[in-house]
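Here the structure comes first, spelled out in structure tokens, and everything after it is commentary.
Numbering (the working numbering), first residue to last: 208 to 426.
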């Protein structure tokens, strides 16, 4: 099974379209207002209805789930998320699955989050996932040889995806942007970081910022 990774940049948000043979899996979907850019990218990469087998949501924040329900209907596909983040998308409230006050919130993130809350463009329309993705679950039935890795810390239901080739998609567990960060639970976050180190991925693909190698995480 030949696999290629296509990064779709929607502002500072990364979505990843993984192509395996004649099928695709999309990881995260950006804000709803970025829909046109996302659709254009899917077309350019040759992803057509019937080929998109699954949309994986690494967590329930609006900047990652905003186009999931729309694409599900357009491409006749399925949307998966961890059960612990399901309330976020079902209510359209991404404060769910989090503590009242996060353990760490960078100044830059405070500003961006405040702007998000004030902007109608960042609103999330409630929807339900088609399936819950759990630790160790294999995605081969969707055309991708990869496993789900449970990595709480940013949210209670954050997940990552580890491919057979050693590529790891970490969502917002790790930001590769200077001065940008949100850690809901620092204990769980550190445990998840240690978990990733034990997996020895060859490359880590974050929800924000450029992909990086494991040795950068060990610094």
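Backbone N, C-alpha and C define an ideal beta-carbon position, used for all residues, glycine too.
Proximity of residue i and residue j at Cβ, strictly below 8 angstroms
i, j, result
"residue 332", "residue 287", "no"
"residue 283", "residue 252", "no"
"residue 434", "residue 360", "Shown here, the chain extends from 208 to 426; a query on residue 434 therefore has no answer."
"residue 411", "residue 377", "yes"
"residue 217", "residue 254", "no"
"residue 329", "residue 418", "no"
"residue 334", "residue 239", "no"
Assumed close pair residue i, residue j - CB separation to whole angstroms, cut-off 8 angstroms
i, j, result
"residue 219", "residue 384", "7 angstroms"
"residue 227", "residue 267", "About 26 angstroms separates the two Cβ atoms, so there is no contact after all."
"residue 234", "residue 400", "No, residue 234 and residue 400 are not in contact; Cβ-Cβ is about 19 angstroms, not under 8 angstroms."
"residue 379", "residue 393", "Not confirmed; about 14 angstroms, so no contact."
"residue 382", "residue 413", "6 angstroms"
"residue 236", "residue 271", "7 angstroms"
"residue 337", "residue 285", "4 angstroms"
"residue 261", "residue 349", "4 angstroms"
"residue 245", "residue 274", "6 angstroms"
"residue 232", "residue 312", "Not a contact, Cβ separation roughly 31 angstroms."
"residue 362", "residue 292", "5 angstroms"
Environment of residue i [buried if 16+ CB atoms lie within 10 Å]
i, result
"residue 280", "exposed"
"residue 302", "exposed"
"residue 215", "buried"
"residue 263", "buried"
"residue 241", "buried"
"residue 307", "exposed"
"residue 209", "exposed"
"residue 250", "exposed"
Residue i Cβ short of 7 angstroms to the ligand GDP heavy atom set
i, result
"residue 408", "The ligand GDP is absent from the structure shown, which contains no ligand whatsoever."
- Query: So, do the region 334 to 342 and the region 373 to 380 have three or more beta carbon pairs nearer to each other than 8 angstroms?
  - Reply: no
- Considering only residues of the region 346 to 424, which uninterrupted alpha helix (DSSP H) runs meet the minimum length of 4 residues and lie entirely inside it, listed in chain order? Taking 4 residues as the shortest admissible run, the region 346 to 424 contains the following complete alpha helix (DSSP H) segments, listed from N- to C-terminal end: 393 to 406 and 421 to 424.
- Can you give, in chain order, each stretch of the alpha helix (DSSP H) that sits fully within the region 227 to 314 and has at least 4 residues? 242 to 251, 269 to 272, 275 to 282 and 293 to 298
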